[in-house]
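Sequence lines, in order, name chains A and B.
Each step along the first sequence adds one to the number in numbering that gives the first Met the number 0, with nothing skipped, and position 304 is 303.
Each step along the second sequence adds one to the number in numbering that gives the first Met the number 0, with nothing skipped, and position 157 is 156.
Think of the CB as a built atom: it goes at the ideal place given N, C-alpha and C, for glycine as much as any other residue.
Notes for the one structure printed next.
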Amino acid sequence: MSDVHGSAQVQARRSAQMDVRQVYRLMAKARALEERMIRMTRSNDGYFWIGGPGEEAFNVPLGLLIKRGQGPAFDYLHHHYRSSAILVAMGLPLIDAIRQMAQRATDPNSGGRNFVNHFAKREWNVVPGASTIETQYSIAPGTALAQARHGGNGITIVNGGDAGSSEGDFATCLNWSSRPGRELPMLILIMNNNWGISTPFESVHGDRIIARRAEAFGIRWGTVNGNDPVASWRKLVEVMAYVRKERKPYCLEAYVSRLHGHSSSSGAGRVQEPDCLEMFGRDLVEREILTAAEIESIQAEYEREAMDALLQARQEPEPDGDTIYDHTFAGGTPGWPPLHKPFV
Amino acid sequence: MATLAQAIRLALHVGETRLGVTDVFGEDVGPPLGGVFTCTQGLATAWNTPLDERGIVGTAFGLALAGERPVAEIQFCDYIYNTIDLLKLAGNCCWSSMGQFPVPMVLMSPVGSGIHGSIYHSHSFDAIATHIPGWKVVLPSTPLDTYGLMIAAIKDPNPVMFLYPKALIRHQGTEKIPGEPDDPKVLSRMIDAPVGSSREHWRPSWPDLPDFEIPIGSAKCCRPGEHLTVLTYGRTVPLCEQAAQKLFEQEGISAEVIDLRTLFPYDGEMILASTRKTGRLLVVNEDTEVTNFGEHLIRVLTEHCFYHLQAPPRLLAGANTPGVGLSWNLERVSVPQLDAIHAAMREVAMTEA
Numbered sequence: 000m001s002d003v004h005g006s007a008q009v010q011a012r013r014s015a016q017m018d019v020r021q022v023y024r025l026m027a028k029a030r031a032l033e034e035r036m037i038r039m040t041r042s043n044d045g046y047f048w049i050g051g052p053g054e055e056a057f058n059v060p061l062g063l064l065i066k067r068g069q070g071p072a073f074d075y076l077h078h079h080y081r082s083s084a085i086l087v088a089m090g091l092p093l094i095d096a097i098r099q100m101a102q103r104a105t106d107p108n109s110g111g112r113n114f115v116n117h118f119a120k121r122e123w124n125v126v127p128g129a130s131t132i133e134t135q136y137s138i139a140p141g142t143a144l145a146q147a148r149h150g151g152n153g154i155t156i157v158n159g160g161d162a163g164s165s166e167g168d169f170a171t172c173l174n175w176s177s178r179p180g181r182e183l184p185m186l187i188l189i190m191n192n193n194w195g196i197s198t199p200f201e202s203v204h205g206d207r208i209i210a211r212r213a214e215a216f217g218i219r220w221g222t223v224n225g226n227d228p229v230a231s232w233r234k235l236v237e238v239m240a241y242v243r244k245e246r247k248p249y250c251l252e253a254y255v256s257r258l259h260g261h262s263s264s265s266g267a268g269r270v271q272e273p274d275c276l277e278m279f280g281r282d283l284v285e286r287e288i289l290t291a292a293e294i295e296s297i298q299a300e301y302e303r304e305a306m307d308a309l310l311q312a313r314q315e316p317e318p319d320g321d322t323i324y325d326h327t328f329a330g331g332t333p334g335w336p337p338l339h340k341p342f343v
Numbered sequence: 000m001a002t003l004a005q006a007i008r009l010a011l012h013v014g015e016t017r018l019g020v021t022d023v024f025g026e027d028v029g030p031p032l033g034g035v036f037t038c039t040q041g042l043a044t045a046w047n048t049p050l051d052e053r054g055i056v057g058t059a060f061g062l063a064l065a066g067e068r069p070v071a072e073i074q075f076c077d078y079i080y081n082t083i084d085l086l087k088l089a090g091n092c093c094w095s096s097m098g099q100f101p102v103p104m105v106l107m108s109p110v111g112s113g114i115h116g117s118i119y120h121s122h123s124f125d126a127i128a129t130h131i132p133g134w135k136v137v138l139p140s141t142p143l144d145t146y147g148l149m150i151a152a153i154k155d156p157n158p159v160m161f162l163y164p165k166a167l168i169r170h171q172g173t174e175k176i177p178g179e180p181d182d183p184k185v186l187s188r189m190i191d192a193p194v195g196s197s198r199e200h201w202r203p204s205w206p207d208l209p210d211f212e213i214p215i216g217s218a219k220c221c222r223p224g225e226h227l228t229v230l231t232y233g234r235t236v237p238l239c240e241q242a243a244q245k246l247f248e249q250e251g252i253s254a255e256v257i258d259l260r261t262l263f264p265y266d267g268e269m270i271l272a273s274t275r276k277t278g279r280l281l282v283v284n285e286d287t288e289v290t291n292f293g294e295h296l297i298r299v300l301t302e303h304c305f306y307h308l309q310a311p312p313r314l315l316a317g318a319n320t321p322g323v324g325l326s327w328n329l330e331r332v333s334v335p336q337l338d339a340i341h342a343a344m345r346e347v348a349m350t351e352a
């Protein structure tokens with residue numbers, strides 16, 4: 000499955016032509032994954048959910064346009080926890096997110112150690128996701144610096160929410176990516192869903208367009224309706240080409256929805272905000288690109304795939320308590336101080 | 000003999016010419032200054048950053064994720080506190096990704112008192128550094144150890160915090176760094192930038208330095224002894240040696256002084272053997288005494304040497320004040336000095352079994 004996605008992803012990037020059917024399918028796939036994982040918090044298959052339903056229209060084009068691979072010749076992704084659709088578009092098998100949600104030893108991201116949607120995939124330059132808000136914006140200049148020196152057209156992509164842009168790390172990112180004569184090839188994204196858990200953006204911000212802050216650093220910036228996959232695709236093609244070619248940063252703010260609240264801590268119930276998947280589906284039916292029956296069938300197909308993934312993950316082992324120290328250090332655990340035996 | 004600052008420079012030169020270091024960076028680390036303590040003078044890969052500690056730590060972290068071997072500096076450890084969540088992330092990155100993303104970065108920072116540094120140039124960082132799992136932490140006290148441990152830190156595939164005692168930074172060692180000229184004046188002419196004149200055209204002339212390193216995790220017995228074990232590191236190492244000498248000369252009490260050199264992972268074998276041998280233990284450092292790294296050492300050694308102990312183990316550390324005051328009258332009594340160390344050694348040695 001991942002090979003099919005991999006070649007589709009390469010094809011999309013090379014042609015810069017949007018295959019609307021493919022984008023719709025991947026959006027539906029990512030949505031089915033998230034909806035299954037939300038249900039897992041209620042079926043005793045997972046403790047906590049946080050994720051990205053509502054960001055698919057932007058994230059699927061982004062995932063398809065990422066130059067996927069390992070090392071500085073390829074793109075680095077520093078993601079926040081609403082990025083599942085990026086990974087799905089890059090080719091992530093659904094079960095690899097489900098395994099993390101279900102804390103299985105087979106979870107390839109973290110071996111059952113981290114929350115769901117905290118991805119880590121070395122062979123795709125997806126650096127470990129963290130729950131700490133905005134820290135990825137301080138780390139991302141490092142991979143971009145390695146790429147600036149390496150040459151080629153690999154870029155660093157960093158994303159996070161509107162609320163996180165209040166952290167100093169966002170200013171760090173703008174500052175370090177725009178040092179005169181030492182600009183960095185970075186796509187600096189703001190996924191503006193207008194919320195920080197329960198706090199509306201406008202209640203704590205005097206600024207209205209976050210990306211405009213980049214202007215003070217001489218960084219080009221723009222905004223896009225992140226609920227519109229066509230607009231998102233076009234904008235991403237344009238700005239990623241700029242960053243790849245000019246080796247300079249670009250700051251892009253995408254306006255998106257948050258369809259299930261912050262996380263399972265607030266119930267993860269569906270809220271009334273524009274739904275990019277529904278809107279795009281309707282649009283494709285009206286334009287006679289897909290039929291209503293095909294839409295239904297696509298959704299059913301991915302709901303089944305997500306459910307099958309869960310059934311499979313349930314059969315897989317949980318991590319063994321004896322492994323808690325594994326990988327603390329590369330090259331093995333030091334002999335001192337003596338380690339506590341895991342409590343039993 | 001080289002100074003501690005020159006030793007750092009020599010090791011970083013080896014790093015950038017032979018060990019793949021592509022970036023040595025921090026505030027005022029690059030030319031013309033080469034670091035506020037001159038530790039990075041003349042290095043080909045040294046550059047100045049914005050005044051932004053989070054950017055320094057984050058960028059080093061990102062470079063390491065991309066497979067490079069950066070060495071970053073926080074100008075004084077007093078200014079590292081706003082990076083602690085990044086330090087935690089760097090420490091958990093290999094673990095949380097099941098070994099996919101090791102973080103081979105070195106973060107160096109001067110620590111401790113001794114330069115009349117007042118409230119924000121006198122902090123210690125050992126307790127907090129050792130409280131961040133996933134990091135190795137070294138704190139050498141001599142130029143040779145500094146040189147060898149920096150090379151080991153650069154080679155290590157894990158994040159290594161390289162702390163160094165600012166009080167000793169101008170001290171010349173008694174052991175020669177392999178390859179350094181016999182005459183310290185010759186070394187100075189080769190690698191010290193001219194003072195007060197333009198450095199635009201100045202370039203260092205580096206000595207040939209053969210391969211050498213001191214493994215992380217090995218302590219050093221500075222002075223063998225029979226009657227008590229003194230564990231210490233950083234600024235207080237030479238003070239403990241002097242106090243031990245005085246104690247031996249005046250009262251025939253023989254203290255074994257161990258320079259821990261690496262705080263994590265520390266040399267359990269050496270400190271265990273010494274404590275079992277002497278049955279008496281004093282830990283000396285200058286961090287504030289509450290939740291002090293020495294308390295951990297005492298706990299572990301008590302658990303493992305309980306039936307060998309002849310006296311209660313003792314910690315001599317910094318006063319639990321919010322800072323070290325500027326006046327010498329304040330600094331003198333805030334962190335251990337020679338007399339207090341001597342008195343503590345004597346007390347531990349004389350306590351009846």
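Contacts with chain A at 8 Å (Cβ-Cβ) include residue 67 (chain B). One thing to note: residue 154 (chain A) has its Cβ within 8 Å of the Cβ of residue 146 (chain A).
Against chain A, a Cβ distance below 9 Å from residue 160 (chain B) picks out nothing, because the smallest value is about 14 Å. Contact of residue 96 (chain B) with chain A is assigned, a C-beta pair being separated by under 8 Å.
The segment 296-308 of chain B and the segment 143-154 of chain B do not touch, with fewer than three beta-carbon pairs separated by less than 8 Å. In the DSSP annotation of this structure, residue 115 (chain A) is not part of any alpha helix (DSSP H), being labelled neither H nor E. For residue 166 (chain A), the secondary structure class from DSSP, reduced to helix, strand or coil, is coil.
Within 7 Å of the CB of residue 299 (chain B), the CB atoms of chain A belong to 336, in sequence order along the chain. A direct Cα-to-Cα measurement between residue 219 (chain B) and residue 34 (chain B) gives close to 29 Å.
When secondary structure is reduced to three states using DSSP, residue 223 (chain B) falls in the coil class, being assigned neither helix nor strand. Close to chain A, meaning a Cβ-Cβ distance shorter than 7 Å, are the following residues of the segment 30-52 of chain B: 49 and 51. The continuous beta strand (DSSP E) containing residue 72 (chain B) extends over residues 70-72.
Secondary structure within the segment 196-268 of chain A: the alpha helix (DSSP H) runs of 4 or more consecutive residues, fully enclosed, are 200-203 and 228-245 (chain order). The Cβ atoms of residue 60 (chain A) and residue 177 (chain A) do not sit closer than 8 Å to each other.
Less than 8 Å divides the Cβ of residue 133 (chain B) from the Cβ of residue 90 (chain B). Counting C-beta pairs closer than 8 Å gives fewer than three between the segment 106-120 of chain B and the segment 318-332 of chain A, which falls short of the contact rule.
Taking a Cβ-Cβ threshold of 8 Å, the residues of chain A close to residue 157 (chain B) are 328, 329 and 330, in chain order. Residue 94 (chain B): member of the alpha helix (DSSP H) spanning 83-95, first to last residue. For the segment 96-120 of chain B, the beta-carbon criterion of a distance under 7 Å to any beta-carbon of chain A is satisfied by 96, 97, 98, 99, 100 and 101. If the five residues before and after residue 73 (chain B) are omitted, its C-beta is found closer than 6 Å to the C-beta atoms of 52, 79 and 108, all from its own chain and listed in chain order. Listed as beta-bridge partners of residue 255 (chain B) by DSSP are B:228. C-alpha of residue 330 (chain A) to C-alpha of residue 96 (chain A): approximately 28 Å in a straight line. Distances from the alpha-carbon of residue 224 (chain B) to those of B:256, B:205 and B:245 put B:256 closest.
Secondary structure at residue 8 (chain A): helix, using DSSP grouped into helix, strand and coil. Residue-level contact by beta carbon fails for residue 304 (chain B) and chain A, as no gap is shorter than 8 Å. When C-beta distances to chain B are compared with 8 Å, every residue of the segment 217-240 of chain A stays at or above that value.
A residue is called buried when at least 16 other Cβ atoms come within 10 angstroms of its Cβ; residue 47 (chain A) does not meet this threshold and is exposed. Pairing residue 82 (chain A) with residue 124 (chain A) gives a Cβ-Cβ distance that is not under 8 Å. For residue 65 (chain B), no beta strand (DSSP E) segment is defined, and its DSSP state is neither H nor E. Residue 112 (chain A) and residue 341 (chain A) have their alpha carbons spaced roughly 15 Å apart. Of the residues A:6, A:100 and A:108, the one whose Cα lies closest to the Cα of residue 100 (chain B) is A:108. For residue 77 (chain B), the secondary structure class from DSSP, reduced to helix, strand or coil, is helix. A Cβ-Cβ distance of about 6 Å is found for the pair residue 185 (chain A) and residue 139 (chain A), placing them in contact under the 8 Å criterion. Along the segment 125-137 of chain A, going in chain order, the ones with a CB nearer than 7 Å to a CB of chain B are 126, 127, 129, 131, 134 and 137.
Collapsing the DSSP output to three states places residue 171 (chain B) in a strand.
Among the residues of chain B, those whose CB is under 7 Å from the CB of residue 175 (chain A) are 49, 54 and 58, following chain order.
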